Amino acid sequence: MDKQQIILNTEAFVKTTLKNAEGGHDWFHILRVWNNAKLIAKNENVDGFVVELGALLHDIADSKFHDGDESIGPKIAHEFLEKQQVDDSIIIHIKNIISNISFGGGNFEQKFNSPELEVIQDADRLDAIGAIGIARTFNYGGFKNRPMYNPEISPNLNQSKEEYKNSETPTINHFYEKLLLLKDKMNTVTGKQIAKERHLYMESFLTQFYDEWNGKL
48 MDKQQIILNT EAFVKTTLKN AEGGHDWFHI LRVWNNAKLI AKNENVDGFV
98 VELGALLHDI ADSKFHDGDE SIGPKIAHEF LEKQQVDDSI IIHIKNIISN
148 ISFGGGNFEQ KFNSPELEVI QDADRLDAIG AIGIARTFNY GGFKNRPMYN
198 PEISPNLNQS KEEYKNSETP TINHFYEKLL LLKDKMNTVT GKQIAKERHL
248 YMESFLTQFY DEWNGKL
């Protein structure tokens, strides 16, 4: 099957699969990551086909919405790509990308790496910071009925992967436990450049948030 047709089929499949997804992990998240990945890939020596498929399928079944089960996403991707007659080597690569893209608290060893994963990981992380990252964070916090902020609950910067997955702390804590850490975890030159500006925006937001919280005029 023609590669472009496979991309189009994948786009349609993801749109359908995620039509009822939580707002921060829906089709529009995928679309932004897909666009970010294509932008970053222009400056990297990567397989564009793998980058596009990986970006489109990276959150096809996010474990946080499946009781923490990390095997569902790779399984769904495998079954779909097999039907598209994609080469086995590419299918394995996509499954490895899906299994290793997550931040997961930042305190675990990534078991797989490739230039394509680095591009998609940066694209995904860019969508977690800046204005959209802030919006997604509060959207998910509301979805999980978490408090916005509680000064008595400090961020936990040394969480295990399991602690991170099961955390129920206030939304503001997530900035310190993940979002503000991402700038220094970017892989590519393009990703690092974009992340700097978005990081500064988040710092400015937090300053304003605390000023308003504490009644400063």
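The letter at position 1 of the sequence shown is residue 48 when you use the numbering used here, and the numbering goes up by one with no holes.
Every residue, glycine too, gets a C-beta built ideally from N, C-alpha and C.
All values reported here derive from a predicted model rather than from experimental measurement.
Query, Result
"Between the stretch 167-186 and the stretch 87-105, do three or more beta carbon pairs fall short of 8 Å?", "yes"
"Say whether the stretch 178-185 touches the stretch 237-256, bearing in mind that this needs 3 or more beta-carbon pairs closer than 8 Å, one atom from each stretch.", "yes"
"Please report the straight-line C-alpha distance between residue 79 and residue 163, rounded to a whole angstrom.", "17 Å"
"Could you check what DSSP says for residue 209 in three-state terms: helix, strand or coil?", "helix"
"Which residue marks the beginning of the alpha helix (DSSP H) containing residue 251, and which one marks its end?", "236-260"
"Near residue 204, which residues of its chain fall below 8 Å by C-beta distance, leaving aside the five closest residues on each side in sequence?", "223 and 224"
"For the alpha helix (DSSP H) that residue 146 lies in, which residues bound it at each end?", "135-147"
"For residue 53, which residues of its own chain have a beta-carbon under 7 Å away from its beta-carbon, when the five flanking residues on both sides are left out?", "131 and 133"
"Would you identify the three-state DSSP class for residue 218, choosing helix, strand or coil?", "helix"
"Based on Cα-Cα distance, which residue from 144, 147, 50 and 256 lies nearest to residue 96?", "50"
"Between the stretch 58-72 and the stretch 83-96, do three or more beta carbon pairs fall short of 8 Å?", "no"
"Around the C-beta of residue 237, are 16 or more other C-beta atoms found within 10 angstroms, so that it is buried, or is it exposed?", "buried"
"With DSSP collapsed to three states, give me the class of residue 80.", "helix"
"Taking Cβ to Cβ, would you say residue 165 is nearer than 9 Å to residue 235?", "yes"
"With a CB to CB cut of under 7 Å and the five nearest residues on each side skipped, what residues in its chain are close to residue 48?", "131 and 132"
"Between which two residues does the alpha helix (DSSP H) carrying residue 96 extend?", "95-104"
"For residue 54, which of helix, strand or coil comes out of DSSP?", "helix"
"Which residue's Cα is closest to the Cα of residue 221: 184, 158, 264 and 57?", "184"
"Let me make sure I understand the geometry here. Which of 55, 57, 190 and 198 has the alpha-carbon closest to that of residue 261?", "198"
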